[in-house]
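Residue numbers (the working numbering), protein chains in the order written: chain D, 66 to 740; chain G, 66 to 740. Note that the Cβ used here is the ideal one computed from N, Cα and C, for glycine as well. The model shown is predicted, which means the values in this text are computed figures rather than measured ones. Following: one structure in structure tokens, then a few remarks.
There are 2 protein chains.
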Amino acid sequence: MNAPEKITATTATPADALRFLAADAVEKAKSGHPGAPMGMADIADVLWRGHLRHNPADPKWLNRDRFVLSNGHGSMLLYSLLHLTGYDLRMEELAQFRQMHSRTPGHPEVEVTPGVETTTGPLGQGLSNAVGMALAEKMLAASFNRPGHVVIDHHTYVFVGDGCMMEGISHEVSSLAGTLGLSKLICFYDDNGISIDGNVAGWFADDTPKRFAAYGWNVIAAVDGHDVDALDLAIRQAKSQNSQPTLICCKTVIGKGAPTKAGGHDVHGAPLGAIEIAAMRAQKGWTAGPFEVPSDIAKAWDARTTGAARQAEWNELFSAYQAEHPALAGELLRRMGGTLPANLTEVFSQLVHADGDLQKKVATRKASQIVLEHISATLPEFFGGSADLTGSNLTNVKASVWVNHHGSGNYLSYGVREFGMAAMMNGMALYGGFIPFGGTFMTFSDYSRNAIRMAALMKQRVIHVLTHDSIGLGEDGPTHQPIEHAASLRLIPNNRLWRPCDGVETAIAWQAAISRTDGPTCLILSRQALTPFSRSTTQISDAAKGGYVLSETLSGLSTPQVVLIATGSEVEIAAAAAVQLSNAGIAVRVVSMPCVEAFYAQDAMYRKHVLPDGIPRVSIEAGVTWFWRAIVGESGSAMGIDTFGESAPAEQLYAHFKLTPEHMVERALAVIKES
Amino acid sequence: MNAPEKITATTATPADALRFLAADAVEKAKSGHPGAPMGMADIADVLWRGHLRHNPADPKWLNRDRFVLSNGHGSMLLYSLLHLTGYDLRMEELAQFRQMHSRTPGHPEVEVTPGVETTTGPLGQGLSNAVGMALAEKMLAASFNRPGHVVIDHHTYVFVGDGCMMEGISHEVSSLAGTLGLSKLICFYDDNGISIDGNVAGWFADDTPKRFAAYGWNVIAAVDGHDVDALDLAIRQAKSQNSQPTLICCKTVIGKGAPTKAGGHDVHGAPLGAIEIAAMRAQKGWTAGPFEVPSDIAKAWDARTTGAARQAEWNELFSAYQAEHPALAGELLRRMGGTLPANLTEVFSQLVHADGDLQKKVATRKASQIVLEHISATLPEFFGGSADLTGSNLTNVKASVWVNHHGSGNYLSYGVREFGMAAMMNGMALYGGFIPFGGTFMTFSDYSRNAIRMAALMKQRVIHVLTHDSIGLGEDGPTHQPIEHAASLRLIPNNRLWRPCDGVETAIAWQAAISRTDGPTCLILSRQALTPFSRSTTQISDAAKGGYVLSETLSGLSTPQVVLIATGSEVEIAAAAAVQLSNAGIAVRVVSMPCVEAFYAQDAMYRKHVLPDGIPRVSIEAGVTWFWRAIVGESGSAMGIDTFGESAPAEQLYAHFKLTPEHMVERALAVIKES
């Protein structure tokens, strides 16, 4: 591949098309960020016209290079690139930048705009997604390529700004990328010395090349980000790597091309203004109007022919692979398509109905491991890991193989990097071919929270195994005891949280998480052993609905006098309370509600069947009660914990916080009396 | 100061007392972490016996060195040090390690145990607190020391493990500590090569000395963490620094002293077992039983005499300072005591009652800046900042002076480091003398969430200025639009969230935040301008209660037919709906509820006065509705947004999500009809 062709007709270059489109779109929208697109235009030019292997006609081509704009506020750069190279993104759509239901929203959103690989904006996470993608590529290549059939072989390119570099998550994932030797990851650092508060020298004085060298990266320092030859050389050097990821440090001028505003922080996140843009037009000899591109420059950008040719070449390669390795090729396509193996349902069915280890008294974290042991062999796309708590989260199985430098393996110790893990898992899910799951202590979901949110926003199948889910963890104390976490995670739109009460519910939760194709799931698991319940076939199938009648003692009545609702480790407390109430002649129903969101997604008939109107309710969950008030209503009572926890053995904590069958009986009698 | 005295009676050293206390306490508790205390025992020995300036009799001595155990799971190390040096922590309390209501909980907790400076456990945050403390020391010294009167002059020491080093937050705060030249920060890195998943080489291959050199730290690499002379030399070198923070990289053996388990990951977080401990006793010639220390070793540790002498010296110094600079000394003591200036109440009173800029139509972020302009001069302990969004958060004022290398200033651009900022603010609040406030976009409170939680747990006065609080931010789209955030932050125990609806409520919110001495406050502010309301004196005083009647139209009735409840930018929608309802002859009350937690902390009489029983309620907040169901009840209706946002101009988004007066009227009529 050659460096981009020079356009000599005017002083304007193809990169200037990116500058004008960004400036004009931001101007029209009266909001947005022209600085980064204009500053990185030359880098984008060299990369996209000279190196990027992609086919605008097929944004989902399996072996395309991945491109991530981690500094997502520079979205107009990406939209311009997609439009100019020939993706299905018309100029009219660029003119709708930041408007309702346009395909050019304020920050790039995957599945909204063809060619956008991930949703970016929250800084540092795009880089982390890219690390996940590069890892996915390496592992998929190791699993599926065969001698003479290198069907997975591409780069992951990522643009990052100062903001990404300052964010802590950049440390987590860059350190791991270096350790893992992700040599096909190539990162362009837009070192423009400016962030929103001004010149970064006052708050960001890192020697970034040295920092990344410390991570084991190949660092190409001090490249002039406006020198196309230097950039081209740097990319060639980076692509020649086979053991280290590459950081290309590009010295750039923010807002490059703006006659008076370039290099200042005013250009970062506000329109340039009509006068500045007119001056830029004059200076560049750019006679085209807003949302127009001179035909020679448009032609220089058009990547449709080369893109189609490249994919055609690859299609031939893949056909040969298919011919020689039909099973492998089929499996690769199945995995990339996200379809589950046909026999998985049967494996789960066996698990929940058989009388095995899951039906014993075990912690749900242990039950989770038992489930993993049973299903892992059936599910090669399963990719496990933990943020340095493998032995506590029990996310590993006997067949776990830790990822090595060659990309073999199905398990990663992410290190103590909760946020990085979550954002890398998002990248792997976006890439396809993997169902990533990762563990940490539930309290530390706080660290990864925004990445869980991003998975929900991007509708990605990512599974968080959050163990040690309450005061039940005991002596580690309030820093480690989740109180508000279950409720808070349930409030994230499109997130699903399961808090199973025993082994069977744990299997049901795992099945729901794996089967869910449009969003993440948090599995909330106990440290302590929990009493198993026996269930009818109907109960097992109803449990998948998120809430169901676990037991009922009617003492001759046709309806219960009180409904006890519980999740996870508190279900056995509710069940014990029900026995006491029943012994006292009270008709009582116990509802287990492992997934509140799933239950409230059921139709009203089912919900009323489980929670009949007019019967008082008492809920119990070892966490904040406010969430449950919506379920128990004014006539009901919510038992839980509204302060921080304490450091002590678990059973003492349950007594201390009055989460006992005896207290539940009291509450139940009180609500019955008042009803 | 000299290197620690060598004890020659047996092969045991004073450091071994730390090892046995940790091993025995974990053994007795049947849980805990012996590995780090045993591995870092020699470092602790050299630091605490040879260098640390503290007085066990007065853990609050103003000029003490600060010591932070960032790897908080090694809590027994700290408890042992406090006991041995003579703090009010008896041996019986060490024997109650991890038991209910003991002063030796699983992780160190400030205010629970004398001498514990901060609550640690969530990794990386202790280091960040320490950076905040070192910054506080530097700034306080710059403000209060005078020639010949160096009353603030001490070091901040912090122990960190591999876990802290892997966490992203370590990057954020270490980068900033280097930039700020916090030369009195001395960090000991426990480089034992082991984390919970095993040998870190597989997931953490950083060249940490190089990484910290890239941050501009003074790095002392490859110190043998069991060589007391080498450690002493390193500390001396570190203390001689005057421009850079120091990282002392200590090569240690985890669980050092355990005859068979040292160096392995089994020793990290589980009891050693009776056999191993017995073997250790035999090997060391340690005849003392559990929770006994040989008298010569106990004597070698006792720091009470030297501590008292040091504080006495300082007291003399301070007396001379007081004599020469009585006002300064008084102000220093006031600030360190956390008492607010006497005239602050008056300033706030003027602000809310006068007819000034606050009473105009402004965004609440702008109102917040107006408040800051008015109160900053009165409140020198106020320390502002933003995670690189100063111009958006409007956290700066005309009198803001950016912190410089000499420690002067009252404002810090923290860079794009939300989590680091929050945890540093916790450190500053713990240190005393400052009321830190810091801004970011509300969505990115996700990044800092666990530090907000830690402030709540530690009861620290830290103020988070979270602007761009809803879809009202418009075009930046769903990645930037908070949906679940207000509700989620309210669920953190002991956190307070204010979402004011106009300038006056913004001032009231600031006053509440500043006056609150036992926990953090989140101020949730709009990007967009909001309509101001006029209020009676009673309404202004009731607003401080978190919820109050803003307006009422009774149309001849004595009670309203419906109560509209709103917060922040949606109050003007409710008010407009009330006008329409009133025009239609409906008796309607509008309740503004800027702080739900404060409102529900009022007595039942006040609450029922504002929200009378039996009258249907409609709430509106541009976020998840689940939270509000607890307030509106089954008969009411909660208006909000239960999906992610969209990228578009704000007013279009409000219409799209049906958050308009017209829709509120519809809902109100519906609940009246059903009631």
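The C-beta of D:Met493 has 16 or more other C-beta atoms within 10 Å across all chains shown, which makes the residue buried. Bounds of the beta strand (DSSP E) holding D:Cys315 are Thr311 to Lys316.
D:Phe499 sits in coil when the DSSP states are folded into three classes, being neither helix nor strand.
Legend: CB atoms of the region 332-363 of chain G lying less than 7 Å from CB atoms of chain D are not found in any residue. For D:Met704, the beta-bridge partners assigned by DSSP are D:Ile685.
Exclusion of the five residues before and after G:Val466 leaves Ser473, Gly474, Asn475 and Tyr476 as the residues of its chain whose Cβ lies within less than 8 Å of its Cβ. Only Asp262, Gly263, Val265, Ala266, Gly267, Trp268, Phe269, Ala270, Asp271, Asp272, Thr273, Pro274 and Lys275 from the region 262-275 of chain D bring a Cβ to less than 9 Å from some Cβ of chain G.
The contact set of G:Gln717 on chain D, defined by CB atoms closer than 9 Å, consists of Gln164 and Met165 in chain order. D:Thr532 is outside the set of residues whose beta carbon lies under 8 Å from a beta carbon in chain G. Here the alpha carbon of D:Lys316 sits roughly 5 Å from the alpha carbon of D:Asp256. At a cut-off of 8 Å, the C-beta of D:Met490 has no neighbouring C-beta in chain G.
Remark: C-beta atoms of D:Met231 and D:Tyr254 do not approach each other more closely than 8 Å. Under DSSP, no beta-bridge partner is assigned to G:Phe277. Inter-residue distance for D:Ala572 and G:Phe269 is about 33 Å (C-alpha atoms, whole angstroms). Within the same chain, and ignoring the five residues on either side of G:Ala652 in sequence, the residues whose Cβ sits closer than 6 Å to its Cβ are Leu619, Ser620, Leu622, Pro625 and Gln626. For G:Asn264, the three-state secondary structure derived from DSSP is strand.
Within chain D, the residues Gly233 have their CB atoms less than 7 Å from the CB of G:Phe484, given in chain order. Within the same chain, Ile319, Gly320, Val332 and His333 come within 6 Å of D:Gly100 by CB-CB distance, once the 5 residues on both sides are set aside. Along the region 558-576 of chain D, going in chain order, the ones with a CB nearer than 8 Å to a CB of chain G are Pro558 and Asn559. Taking a 10 Å sphere around the C-beta of D:His471, we find fewer than 16 other C-beta atoms and assign the residue as exposed.
Going by beta carbons, G:Tyr479 and G:Leu241 fall inside the 8 Å limit. Three or more Cβ pairs closer than 8 Å define a contact, and the region 679-693 of chain G meets that threshold against the region 521-539 of chain G. Distances from the alpha-carbon of G:Ala609 to those of G:Ser634, G:Ala577 and G:Thr544 put G:Ala577 closest. If you ignore the 5 residues before and after D:Tyr671, its C-beta comes within less than 8 Å of the C-beta of Lys610, all in its own chain and listed in chain order. Contacts with chain D (Cβ-Cβ distance below 8 Å) from the region 83-110 of chain G involve Ala94, Ser96 and Gly97, listed in chain order. The CB of D:Leu393 never comes closer than 8 Å to any CB in chain G; the least such distance is about 28 Å. Around the beta carbon of D:Gln348, fewer than 16 other beta carbons sit within 10 angstroms, so the residue counts as exposed. Not a single C-beta of chain D is nearer than 8 Å to the C-beta of G:Ser740.
Look at D:Leu143: its C-beta is not under 8 Å from any C-beta on chain G. Counting of Cβ neighbours within 10 angstroms places G:Thr352 among the exposed residues, the total staying below 16. In terms of beta-carbon proximity, G:Pro124 stays away from the interface with chain D, with every pair separated by 8 Å or more.
Under DSSP, D:Asp255 forms a beta bridge with D:Cys315. DSSP places G:Gly450 within a strand segment (E or B) once states are collapsed to three.
Segment contact: the region 702-712 of chain D against the region 656-673 of chain D, fewer than three CB-CB distances shorter than 8 Å; contact not assigned. Listed as beta-bridge partners of G:Asn283 by DSSP are G:Thr311.
Taking a 10 Å sphere around the C-beta of G:Ile340, we find fewer than 16 other C-beta atoms and assign the residue as exposed.
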